[in-house]
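The next block holds one structure in the form of structure tokens; read it before the comments.
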Amino acid sequence: MEHPVLYIVVPCYNEQEVLPITAPMFLNKLKELAEKGLISEDSRVLFVNDGSSDETWNIIRALARSDEHYIGISQSRNRGHQNAVLAGLMEARNRCDISISIDCDGQDDINAMDDMVRAYLGGCDIVYGVRCDRESDSFFKRTTAQGFYKFLSAMGADVVYNHADYRLISARALRELAKFEEVNLFLRGMVPLVGFKSTSVEYKRTERLAGKSKYPLRKMLSLAGDGITSLSIKPLRLIMGFGLIVALLSFAGVIWAIISALGGHAVAGWASTTCIICFVSGVQLICMGIIGEYIGKIYLETKRRPRYIISERTWDK
Ligand code: UDP
Ligand code: MG
0 MEHPVLYIVV
10 PCYNEQEVLP
20 ITAPMFLNKL
30 KELAEKGLIS
40 EDSRVLFVND
50 GSSDETWNII
60 RALARSDEHY
70 IGISQSRNRG
80 HQNAVLAGLM
90 EARNRCDISI
100 SIDCDGQDDI
110 NAMDDMVRAY
120 LGGCDIVYGV
130 RCDRESDSFF
140 KRTTAQGFYK
150 FLSAMGADVV
160 YNHADYRLIS
170 ARALRELAKF
180 EEVNLFLRGM
190 VPLVGFKSTS
200 VEYKRTERLA
210 GKSKYPLRKM
220 LSLAGDGITS
230 LSIKPLRLIM
240 GFGLIVALLS
250 FAGVIWAIIS
260 ALGGHAVAGW
270 ASTTCIICFV
280 SGVQLICMGI
290 IGEYIGKIYL
300 ETKRRPRYII
310 SERTWDK
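All letters in the sequence shown, in the order written, are residues 0 to 316 by numbering that gives the first Met the number 0.
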């Protein structure tokens, strides 16, 4: 079998401090993997400049001039990490056999790539990099991040625990991922939906080598929101459940009002007014819940996701 062409996809946003340190590390890894006979010499490190306002793009262009294994693309403006990764993966999908997406700050251990490529050669299409501990994170980042995974799964959005966007995806899985036309991107939740044989590889995550985090709490919260709303319509279901409970209470209220009126404890007109309010608000909430169900369906339809994905054909090979 021919050695697979690997594209390492690296999103970069205002990373002028760290890029000169990590770029040679990626290149060395590429060469090492090629020497071990795991990947082809035609493999590349693909940088995606996410509309940086500093020297990042100039650094990438200089890298590309210095060695043919470095290549880069630039987004027209800052679109965020998820979009930058997708842009790189889509650019790579028809040129490579495998892609590995990784942050450019050196936090993810590049040595896990050996195991990822071996897992691919062993027949997996998707290999998730999973961090085995969070010692290097501050207490705050660790608890918020773990809360994030728990909350996501409680809300019905299934993601691989402790996996960020460090993963290997084969070209055929990338071509299927391309058919997910949604704009609201949450790659961690979308990639598992593509299916195919997958596995995970553990690695240790360390401190950023230089520069500052581009993911403040605000961006993490917005990512969590995207994750939930793009993968699951459970929040709409919760409204429906809440509506039903309130409706039940309201109907109990109706009965209570009638009993009070019959017992002669209420002023004239009170019971009928209360009955109407309780009844109507109960009915309204149920109706809203039903509308929510349909909005949920419309929402999922507008994503125009692929309806089936074929992994093998007997006449192929
Ligand atoms: N990033 C990006 N666009 C953004 C924010 C971040 O491409 O708008 C990139 C960034 O350059 C890095 C990766 O996404 O390669 C992860 O960001 P960071 O390391 O700042 O996040 P953290 O590891 O602190 O969660
Ligand atoms: Mg980082």
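From the three backbone atoms N, C-alpha and C, an ideal C-beta is built for every residue, glycine too.
Sufficient close CB pairs (3 or more, under 8 Å) joining the region 17-37 to the region 97-113: yes
Simplified DSSP assignment, three categories, for E175: helix
7 Å CB neighbourhood of A177 in its chain, flanking five on each side removed: M89 and R92
Candidates G188, T198, P3 and E201: closest to D96 by CA position: P3
F150 - containing alpha helix (DSSP H), residue span: F138 to A153
Bridge partners - L5, DSSP secondary structure assignment: I97
Cβ-Cβ distance between G210 and V8 below 7 Å: no
Helix, strand or coil at H264 according to DSSP, with G and I counted as helix: coil
heavy atom of ligand 2 below 6 Å from Q106 C-beta: yes
Check: A83 C-beta below 6 Å from any heavy atom of ligand 1: yes
For N48, the residue or residues it bridges with in DSSP: C11 and S73
Proximity winner among R60, F241, A223 and I244, relative to A22 (alpha-carbon distances): R60
Spatially closest choice to I290 from L235, D104, G128 and L192, by CA coordinates: L235
Continuous beta strand (DSSP E) stretch holding Y202: start and end: S197 to Y202
For S73, the nearest candidate out of N57, E67, R64 and S65 (CA to CA): N57
Opening and closing residue of the alpha helix (DSSP H) in which I20 lies: L18 to E34
Near ligand 1: D53 beta-carbon under 6 Å from a heavy atom: no
Cβ-based neighbour list, I46, same chain, cut-off 6 Å, excluding 5 preceding and 5 following: Reading off the sequence shown, one finds Phe at residue 46, where the question assumed Ile. Here the set comprises V9, C11, I59 and G71.
CB-CB length for A223 against F147, believed under 8 Å: 5 Å
Exposure of Y69, with buried meaning 16 or more beta-carbon neighbours within 10 Å: buried
Cβ pair A156, I254 closer than 7 Å: no
Three-state secondary structure (DSSP) of A209: coil
Inter-stretch contact at 8 Å, needing at least 3 Cβ pairs: the region 194-203 / the region 237-257: no
Nearest neighbour of Y160, chosen from P191, T205, L167 and L261 [CA to CA]: P191
Sub-7 Å separation of K196 and G128 beta-carbons: no
Complete runs of the alpha helix (DSSP H) confined to the region 230-294 [at least 4 residues]: 233-261
Helix, strand or coil at L184 [DSSP, three-state]: coil
Alpha-carbon spacing of R117 relative to D124, whole angstroms: 11 Å
6 Å CB neighbourhood of Q81 in its chain, flanking five on each side removed: L184 and L186
Check: D66 C-beta below 6 Å from any heavy atom of ligand 2: no
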